[in-house]
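Residue 242 is where the sequence shown ends in full-length UniProt numbering, and the numbering goes up by one at each step.
Glycine included, every Cβ here is placed at the ideal spot set by N, Cα and C.
The next block holds one structure in the form of structure tokens; read it before the comments.
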Amino acid sequence: VEYVQRLKQHQEQMFYQVMDGVFQDEDIDDIIEKIVSDALWKELTQKMRQLKYQPNELTAEDVESSLQEYIERGELQIEEGKIKITPKGARKLANQILRRILKNLGDLKLGPHGVEQTGYGAWISPASRKYEMGDEYARIDFEKTLLNALERKPRTGNKIGLEPEDFQVFEEIHQTKMVAGIIIDTSGSMRGDKFSAAIDTSLALAELIRREPEDLLKVYLFSHHVEEIPYYDIVNVGAPQG
1 VEYVQRLKQH
11 QEQMFYQVMD
21 GVFQDEDIDD
31 IIEKIVSDAL
41 WKELTQKMRQ
51 LKYQPNELTA
61 EDVESSLQEY
71 IERGELQIEE
81 GKIKITPKGA
91 RKLANQILRR
101 ILKNLGDLKL
111 GPHGVEQTGY
121 GAWISPASRK
131 YEMGDEYARI
141 DFEKTLLNAL
151 ERKPRTGNKI
161 GLEPEDFQVF
171 EEIHQTKMVA
181 GIIIDTSGSM
191 RGDKFSAAID
201 TSLALAELIR
211 REPEDLLKVY
221 LFSHHVEEIP
231 YYDIVNVGAP
241 QG
């Protein structure tokens with residue numbers, strides 16, 4: 001059972017090996033060869049056979065078949081012998097990376113970042129307050145204003161008289177909007193795991209921000225020049241060289 005669990009866990013890690021190959025701008029044949037010749041996979045399957053399990057051999061055809069499934073779902077595409085991740089695939093990858101990060105964080109008390117407080121804003125609150133000079137007439141709470149007037153004795157007869165202190169206005173709800181930016185160094189100093197970590201961070205942050213439609217993420221690459229790209233294009237940026 002232990003080896004079966006380890007094999008399943010390693011299958012997930014092999015998915016990230018494929019993604020690393022994409023990040024490193026490797027040819028599809030090289031990526032397939034790396035997966036098929038994976039030493040840990042062979043070790044685990046050999047130990048399972050010793051325990052009379054019969055795991056299937058992993059062949060190049062298996063890897064190609066799996067890649068074809070991603071292509072048919074619109075998550076990958078092949079261009080000039082290289083794997084490219086589509087925006088749809090990038091969103092799926094971002095979700096998986098975020099789940100992996102949150103799982104590693106353990107039982108962390110997370111909460112929404114939205115802040116709602118009365119004050120100046122675009123939305124009307126059900127709460128109201130006394131009118132102050134400069135308040136917009138469109139925000140007058142007529143119901144509360146009339147109730148304030150009725151609580152006083154009418155001036156004459158049954159007529160309701162309005163005094164300045166009777167007027168109430170609705171509060172506005174102040175909401176925050178987050179604009180986050182991530183700047184990724186694509187120079188030669190970012191080779192290997194550094195660049196992969198930057199991609200993971202970008203995708204995980206994008207997945208978090210995507211849950212709040214009003215929020216925005218900007219991704220910038222810099223080396224010899226600065227370039228802004230959509231977050232999902234980061235997975236198709238070639239690994240730094242030199």
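Please classify residue i as buried or exposed, where buried requires at least 16 neighbouring CB atoms within 10 angstroms.
i	result
residue 30	exposed
residue 289	Outside the displayed span of the chain (1 to 242) sits residue 289, for which this structure offers no information.
residue 193	exposed
residue 219	buried
residue 226	exposed
residue 203	buried
residue 179	exposed
residue 97	buried
To the nearest angstrom, how far is it from the Cα of residue i to the Cα of residue j?
i	j	result
residue 214	residue 208	12 angstroms
residue 212	residue 42	43 angstroms
residue 196	residue 168	57 angstroms
residue 201	residue 68	27 angstroms
residue 210	residue 198	18 angstroms
residue 177	residue 137	27 angstroms
residue 160	residue 141	17 angstroms
residue 243	residue 83	This structure gives no information on residue 243, because the portion of the chain shown stretches from 1 to 242.
residue 73	residue 64	14 angstroms
residue 70	residue 37	21 angstroms
residue 119	residue 145	Reliability of the predicted coordinates at residue 119 is poor, the pLDDT of 49 falling under 50, and the value obtained from them is presented with this limitation in mind. Their backbone Cα atoms lie some 20 angstroms apart in a straight line.
residue 151	residue 91	58 angstroms
residue 61	residue 224	41 angstroms
residue 39	residue 187	31 angstroms
residue 191	residue 78	24 angstroms
residue 134	residue 147	22 angstroms
residue 143	residue 149	10 angstroms
Hey, would you say residue i sits closer than 8 angstroms to residue j, going by beta carbons?
i	j	result
residue 235	residue 32	no
residue 217	residue 229	no
residue 81	residue 27	yes
residue 182	residue 205	yes
Quick one, which of the options has its alpha-carbon nearest residue i's?
i	options	result
residue 129	171, 161, 92	171
residue 131	182, 165, 77	165
residue 231	184, 37, 191, 126	184
residue 75	146, 66, 133, 87	87
residue 233	61, 34, 94, 149	94
residue 126	134, 139, 133	139
Could you tell me whether any non-hydrogen atom of the ligand NAP is closer than 7 angstroms to the CB of residue i?
i	result
residue 197	Of ligands this structure carries none, so the ligand NAP is not represented either.
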